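All remarks here apply to the structure that follows.
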Amino acid sequence: MKVGLGGQNMEKIANIKDIGKGESLTFNYKGERAILIRTKEDKLVAYISICPHEGGGIEWDKGINKILCECHLSLFNVSDGSVYRHSSLFELKKGLTRIETKVDKNQDIYAL
Ligand code: FES
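In structure tokens:
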């Protein structure tokens, strides 16, 4: 659902009660698969779920608190999507594409 908040066109992802601390969910963002993560520290971050290397799918590995691309085992930082560890086969110069989020007074979470 698209909503205009403060002059911005935003897409509702979920309500805060739909995602506990230390959990993630996937959502569709402008036709792309995306992931919303609520960290144990209660920070919300969202990324397009496409690896910048060759477009592999990414998943949040809660155990190590990193985002993993299983295609070539690159790891990304949860806090900003930057590259944490490259595959041994190549050097990644670009991190994940971040999606800005906003939470309104009803605790609904929106993607910009
Ligand atoms: S496609 Fe993700 S590391 Fe290669």
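Letter by letter, the sequence shown follows residues 1276 to 1387 in the numbering used here. Where is the CB? At the ideal position from N, CA and C, for every residue including glycine. Just so it is clear, the structure is predicted and the values come from calculations on it, not from any experiment.
Within the DSSP bridge table, the entry for F1302 names A1309 as partners. At least one heavy atom of the ligand FES is found less than 6 Å from the C-beta of H1328. C-alpha of T1376 to C-alpha of S1363: approximately 33 Å in a straight line. Residue range K1341 to C1344 is occupied by the beta strand (DSSP E) that includes C1344. Per DSSP, reduced to three states, the secondary structure at K1368 is coil, with no helix or strand assignment. DSSP places K1287 within a strand segment (E or B) once states are collapsed to three.
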